[in-house]
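Reading through the structure tokens given below for one structure.
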Amino acid sequence: MAEPEPKPEVEAEPQPQPELEPDPISVRYEMNAQSRFFLCRFCGNHVVTMDNCIVGVEGTDVNGIICRNPVNVEHDDTMSRSFLNRLPAVNVRCNACNKYIGEKFVGLTPPCPRVMEGSYLLHTDRMLYWNGTQLRYAPGAYDDRTP
Numbered sequence: 005m006a007e008p009e010p011k012p013e014v015e016a017e018p019q020p021q022p023e024l025e026p027d028p029i030s031v032r033y034e035m036n037a038q039s040r041f042f043l044c045r046f047c048g049n050h051v052v053t054m055d056n057c058i059v060g061v062e063g064t065d066v067n068g069i070i071c072r073n074p075v076n077v078e079h080d081d082t083m084s085r086s087f088l089n090r091l092p093a094v095n096v097r098c099n100a101c102n103k104y105i106g107e108k109f110v111g112l113t114p115p116c117p118r119v120m121e122g123s124y125l126l127h128t129d130r131m132l133y134w135n136g137t138q139l140r141y142a143p144g145a146y147d148d149r150t151p
């Protein structure tokens, strides 16, 4: 009696890997030669353009940028600390990875400059910087575009 011929093994088709969909409410900036912006160092989420940055801050306690209108961030509802010369602030986190990236100044009273109320301090050691051609570590980032 002849033995049955073994059936050739059918290679299983690879299962499609789910694509990571960006958060539908996530704001993304164009990575081109004209744009300059900061990203979360932990997940690459876009955070703030250089045009929304007010001033850089360097000191013994913090290195960062004071800015307005960051995107893709959330902040705590309650004051969690006093920061930067005892100014009241709440923690700010990336909304994609939930990592702490800075503070938002809240409830400031005179003689604090009005520009500080509602502004954000984002720590450059927790950010990356797109300089128009490549991603770099954010400490020491500057806008090299001609005015």
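For the sequence shown, the numbering used here begins at 5 and goes up steadily by one. All C-beta atoms in this analysis are idealised placements derived from N, C-alpha and C, irrespective of residue type, glycine included. Since this is a predicted model, take the numbers as computed values, not measurements.
Using the beta-carbon count (16 or more within 10 Å), is residue i buried or exposed?
i	result
residue 74	buried
residue 82	exposed
residue 68	buried
residue 53	buried
residue 142	buried
residue 63	exposed
Let me make sure I understand the geometry here. Which of the options has the alpha-carbon closest to that of residue i?
i	options	result
residue 2	48, 90, 72 and 47	Nothing in the structure corresponds to residue 2, since the chain is present only between 5 and 151.
residue 97	51, 37 and 33	51
residue 79	136, 114 and 104	104
DSSP has residue i in a bridge; who is on the other side?
i	result
residue 98	77
residue 108	94 and 124
residue 136	Answer is none; residue 136 lacks a bridge partner.
residue 47	Note: residue 47 sits in no beta bridge, so no partner.
residue 62	67
residue 53	41
Can you give the Cα-Cα distance for residue i and residue j, rounded to whole angstroms?
i	j	result
residue 153	residue 110	Beyond the ends of the chain as shown, which are 5 and 151, falls residue 153; an answer cannot be given.
residue 140	residue 48	12 Å
residue 100	residue 76	7 Å
residue 240	residue 29	The chain is shown only over 5 to 151; residue 240 falls outside these bounds and no answer can be derived.
residue 33	residue 95	24 Å
residue 93	residue 123	10 Å
residue 59	residue 70	5 Å
residue 136	residue 35	7 Å
residue 106	residue 125	5 Å
residue 127	residue 38	24 Å
residue 72	residue 61	14 Å
residue 46	residue 102	9 Å
residue 25	residue 31	Residue placement at residue 25 is flagged as unreliable, the pLDDT there being 47, under the threshold of 50; the coordinate-derived value follows with that caveat. Whole-angstrom Cα-Cα distance: 13 Å.
Taking 6 Å as the line, does the beta carbon of residue i fall inside it for any heavy atom of the ligand NAD?
i	result
residue 60	This structure does not include the ligand NAD; it has no bound ligands of any sort.
* Asked: Taking one C-beta from the segment 37-45 and one from the segment 127-135 each time, how about it: are there three or more such pairs within less than 8 Å?
  -> yes
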